[in-house]
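In UniProt numbering, the protein residues as written are 1 to 133.
Report on one structure; see the data block that follows.
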């Protein structure tokens with residue numbers, strides 16, 4: 001993986017993880033009874049973002065790929081359900097509106113991360129197959 005791309009992804013996931021953690025801690029600790037599903041989902045997404053940042057930092061490619069895939073599916077499902085079943089979402093999550101409250105970063109970031117991770121994985125496989133040059 002390109003070192004600059006890796007650093008940018010780590011920073012992006014760490015910042016998003018901190019933002020989602022702050023939001024979810026406040027929501028869960030002060031208003032959980034008002035909207036438990038969205039607030040607990042925000043907490044889960046915060047944990048996922050931190051896990052992805054750590055996986056990228058530690059070089060755990062498979063964990064990062066699985067985490068970003070889960071994130072992308074979550075953003076798409078929650079984003080779609082926000083329009084199809086708005087009663088499920090009495091308040092916003094990080095992924096509501098496909099991440100629109102966060103500038104659509106929650107939708108774009110896993111796509112970018114998956115492209116970078118899969119490209120890096122293929123490049124590593126080519127190097128390994130050619131004798132490790």
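Note that CB positions come from ideal geometry on N, CA and C, so glycine has one too.
For residue 69, the enclosing alpha helix (DSSP H) stretches over residues 61-84. Between the beta-carbon of residue 106 and that of residue 95 there is about 6 Å, and that keeps the pair under the 8 Å contact cut.
Residue 86 and residue 80 have their alpha carbons spaced roughly 9 Å apart.
In this structure, the straight-line span from the alpha carbon of residue 3 to that of residue 116 is close to 11 Å.
The DSSP-derived three-state label of residue 87 is helix. For residue 46, the uninterrupted alpha helix (DSSP H) segment begins and ends at 36-58. Per the coordinates, the alpha-carbon of residue 9 lies some 11 Å from the alpha-carbon of residue 114. Taking the Cα positions, residue 120 is about 11 Å away from residue 65.
For residue 102, no alpha helix (DSSP H) run applies, since DSSP gives it neither H nor E. Proximity to residue 19 across 43, 36, 38 peaks at 43, based on C-alpha coordinates.
Note on geometry: alpha-carbon atoms of residue 53 and residue 63 lie some 10 Å from one another. Counting the other CB atoms within 10 Å of its CB gives residue 78 a total of 16 or more, which places it among the buried residues.
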